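Take a look at the structure below.
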Amino acid sequence: MSDIQKYKMLIDGKRVDASGGETFESMNPFTGKTWAVMPRGTREDADRAVAAAKKAFTSGEWPKLTATQRGHLLRKLGDLVAEHAESLAATEVRDNGKLLAEMGMQLKYVPQWYYYFGGLADKIEGAVTPIDKPEHFHYTRHEPLGVVAAITPWNSPLLLAAWKLAPALAAGNTIVLKPSEFTSASSLEYAALFEKAGFPPGVINVVTGYGHEIGAALTEHPDVDKITFTGGPETGKRVYATGASQLKRVSLELGGKSPNIVFDDCDMDNAVKGAISGIFAATGQTCIAGSRLLVQESIHDEFVEKLVTMARTAKMGDPMLMDTQVGPVTTVPQYEKILSYIDIAKGEGAEVRLGGAKATRAECGNGYFVEPTVFTGVNNAMRIAQEEVFGPVLSVIPFKDEEEAIQIGNDVVYGLAAGVWTQSIRRSFIMAEKLRAGSVWVNTYRAVSYMAPFGGYKQSGVGRENGQDAILEYMQTKSVWMSYATETANPFIMR
Ligand code: NAP
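Just so we're aligned: the sequence shown equals residues 435 to 929 in this note's numbering.
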């Protein structure tokens, strides 16, 4: 047990255990072994963290800071994340099994969120209205909401935390962050940077524990003003309903079943790479996975052949090695879910063209690996085409023409992202307009940026992250009226 790391939560600037003293274990999905223990936070811990965040919002240093000063703190935090990017990335890999090659790049990119929103903090201007009432002056103020509960999933913990923390802090809110029980370590290590950056105690708190315990307690807490959640659709709906019962602000980034659409006028080699990165990168554990590959009938067989040939070469194994291309699945329940969907697809009559089973290659050791899997003969009504698998499982669906590609592409409850591969400018614009998805990529896939709004249509979410408008998701507008009339008007007539 001596190698096992013990973590503490951050509440009101102090490192603390759970109030009940209980812990839970975190498993390394490559070795299958426990490597760390985390505090199993309780409802009482949620209360403590929310109270600390509320106090920090209403009194002390934080509310006195100017927006420019908040911006400085955010930029300092960005610098510290950059300094610690390597060690934070290694912690994430230990916890979620994603490739060090990817997490390393991701952590080096995370500071940009703090720089961008740090710069934006003092550029949120209200307006003076040319108001239609005589002898009145009217202006607007954008004010922070209060305490924000930020709940993150296991696939990209610190990247997705930055999407929430950077705009929320820039706007002047205070935070309680709850990472996934499967990947809590990086958020707890991250917590050490908040104090170093100079954030007053209580402005950012990090609690850990089970979603149905401390996660639910946060969403139910009457002093939480806004919930910002990234995770699965079922949990998202529960969180939305809880938030609605208290009329809280809620933003949700949920799942997807994104179409990656290949037309016969595409550059085929590029499209093959795009299809592969769409589904096998991050072992398919991304909300934007291009899990439905729509291929025009005229090139279907040739394209599938090229795709399978390339996908077959993917090197699996230790995610810490820089040449590994497909790592393990992060959690045991997720591993079992992926394998069960493979069985469902076989039962529905889809044809396995590649993989279709757990991976037993020597280099996969005791890890939770699934072979990169390609199903052909899928029709869009099948469960494998409609439900999010969140794993390295691709469904290939043929289509005849543009109209059918749009119809199939949009025929799911989700609308997070879509890809299009074509060399026609006309077709690019038409597809970008007609696909009902929050992000559409033409001749590229999986590109995200702090500058580009991100979010879901339909059941993929509510609200947007990233881009300038994201800060307004953490603010409310106040209308201020002032009269300079010498005499107050008739009190029985509305003005
Ligand atoms: P999840 O099971 O929904 O969990 C997400 C977070 O919610 C975790 O921190 C979880 O804690 C917490 N939680 C669980 N039950 C809760 C409750 N009753 N009240 C409050 N919080 C609760 O999702 P996941 O399995 O971690 O992540 C995978 C999903 O996230 C996929 O569906 C994927 O598409 C989606 N995702 C979406 C985006 C996007 O931006 N659209 C990005 C990444 C992932 P525990 O882990 O402790 O249960």
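Even glycine gets a Cβ: it sits at the ideal position worked out from N, Cα and C.
These numbers come from a predicted model, not from an experiment.
Of the listed residues the options, nearest to residue i (C-alpha basis)
i       : options                               : result
Ser-521 : Glu-647, Leu-869, Lys-740 and Ala-626 : Ala-626
Thr-970 : Ala-596, Pro-806 and Lys-448          : The shown model of the chain, from 435 to 929, leaves out residue 970, and the question about it has no answer.
Lys-396 : Val-562, Ala-485, Gly-790 and Pro-635 : The shown model of the chain, from 435 to 929, leaves out residue 396, and the question about it has no answer.
Ala-793 : Lys-598, Ile-776 and Ala-784          : Ile-776
Ser-692 : Met-885, Val-827 and Ala-600          : Val-827
Pro-587 : Thr-502, Tyr-550, Tyr-644 and Asn-639 : Tyr-644
Ser-685 : Met-928, Gly-708, Ile-638 and Lys-598 : Lys-598
Asn-607 : Gln-680, Gly-538, Gln-719 and Ala-486 : Ala-486
Gly-774 : Ala-784, Gly-783 and Ala-791          : One point to set straight first is that residue 774 is Ser, not Gly, in the sequence displayed. When only C-alpha atoms are compared, the closest one is Ala-791.
Pro-463 : Lys-749, Ala-605, Ser-493 and Val-804 : Val-804
Lys-557 : Lys-510, Val-515 and Gly-505          : Gly-505
Residues near residue i by beta carbon distance below 6 Å, same chain, minus five either side
i       : result
Ser-620 : Leu-522, Thr-525, Glu-526, Pro-591 and Leu-592
Phe-571 : Met-916
Cys-700 : Trp-855 and Thr-856
Leu-541 : Ala-519, Leu-522 and Ala-523
Gly-781 : none
Arg-575 : Gly-560 and Lys-912
Leu-676 : Looking at the sequence itself, residue 676 is Thr, so the reference to Leu does not match. Closer than 6 Å at Cβ, skipping near neighbours: Thr-653 and Glu-654.
Phe-824 : Gln-719
Glu-615 : Tyr-644
C-beta contact flag for residue i and residue j at 9 Å
i       : j       : result
Ile-831 : Val-812 : yes
Met-909 : Glu-577 : yes
Ala-483 : Leu-594 : no
Arg-787 : Val-742 : yes
Thr-642 : Met-443 : yes
Gly-512 : Tyr-548 : yes
Ile-840 : Asn-814 : no
Val-582 : Lys-612 : no
Val-738 : Thr-810 : yes
Met-865 : Ile-733 : no
Asn-924 : Cys-721 : no
Ala-852 : Trp-875 : yes
Leu-534 : Met-702 : no
Glu-635 : Lys-448 : A small fix is needed here, since residue 635 is Pro in this sequence, not Glu. Going by C-beta atoms, Pro-635 is nearer than 9 Å to Lys-448.
Pro-473 : Glu-899 : no
Ile-609 : Val-673 : no
Tyr-879 : Gly-724 : yes
Gly-455 : Glu-647 : no
Phe-551 : Leu-603 : yes
Contact set for residue i: own chain, Cβ-Cβ below 7 Å, skip 5 residues either direction
i       : result
Gly-849 : Arg-870, Ala-871, Gly-872, Gly-890, Tyr-891, Lys-892 and Ser-894
Gly-901 : Met-885, Ala-886 and Pro-887
Gly-751 : Thr-758, Glu-797 and Cys-798
Glu-623 : Leu-522 and Thr-525
Phe-697 : Gln-730, Trp-855, Thr-856 and Arg-861
Ala-881 : Trp-875
Ile-772 : Val-763, Val-804, Val-823, Gly-825 and Val-827
Chain-order list of residues whose beta-carbon lies under 8 Å from that of residue i (same chain, five-residue window excluded)
i       : result
Met-435 : For Met-435, the predicted model reports a pLDDT of 46, less than 50, meaning its position is unreliable; a value from the coordinates is still stated below. Excluding residues within five positions, none has a Cβ falling inside 8 Å.
Ala-819 : Lys-691, Arg-726, Val-812, Asn-813, Ser-829, Ile-831 and Val-846
Glu-536 : Ala-715 and Ala-716
Ser-858 : Phe-697 and Asp-699
Requested in this report: Counting only runs of 4+ residues fully inside the stretch 506-557, write out the alpha helix (DSSP H) ranges in chain order.
Outcome: Within the stretch 506-557, the complete alpha helix (DSSP H) runs of at least 4 residues are 519-530, 534-543 and 545-554.
Report task. Report yes or no: do three or more beta-carbon pairs, one from the stretch 762-774 and one from the stretch 529-536, lie closer than 8 Å? Result -> They touch, by the three-pair rule.
Requested in this report: Starting from the N-terminal side, write out each stretch of the beta strand (DSSP E) that is 3 residues or longer and does not extend beyond the stretch 691-760.
Outcome: Whole beta strand (DSSP E) segments, 3+ residues: 693-696 and 726-730.
Query raised in the report: Given 8 Å as the limit, is there contact between the stretch 890-897 and the stretch 554-568, that is, 3 or more CB pairs closer than that?
Result: The stretch 890-897 is not in contact with the stretch 554-568.
Report task. Please determine if the stretch 624-644 and the stretch 659-675 are in contact, where contact requires at least 3 C-beta pairs separated by less than 8 Å. Result -> No, the stretch 624-644 does not touch the stretch 659-675.
Query - Minimum length 4: unbroken alpha helix (DSSP H) runs contained in the stretch 581-638 - result: For the stretch 581-638, whole alpha helix (DSSP H) runs of length 4 or above, ordered along the chain, are 591-604 and 619-631.
Query raised in the report: In the stretch 873-898, which residue ranges form an unbroken beta strand (DSSP E) of at least 3 residues, counting only runs that do not cross its ends?
Result: Note on the stretch 873-898: whole beta strand (DSSP E) runs with a minimum of 3 residues are 873-876, in chain order.
Report task. Mind the definition here: the stretch 461-481 touches the stretch 496-504 only if three or more C-beta pairs lie below 8 Å; say whether that holds. Result -> By the C-beta criterion, the stretch 461-481 is judged not to be in contact with the stretch 496-504, since fewer than 3 inter-stretch pairs fall below 8 Å.
**Report entry** Complete runs of the beta strand (DSSP E) confined to the stretch 644-685 [at least 3 residues]
**Finding:** Counting only runs of 3 or more, we get 660-664.
Query - Segments of 3+ residues assigned as beta strand (DSSP E) that fall wholly inside the stretch 784-842 - result: If we require 3 residues or more, the beta strand (DSSP E) runs fully inside the stretch 784-842 come out as 785-788, 807-810 and 827-833.
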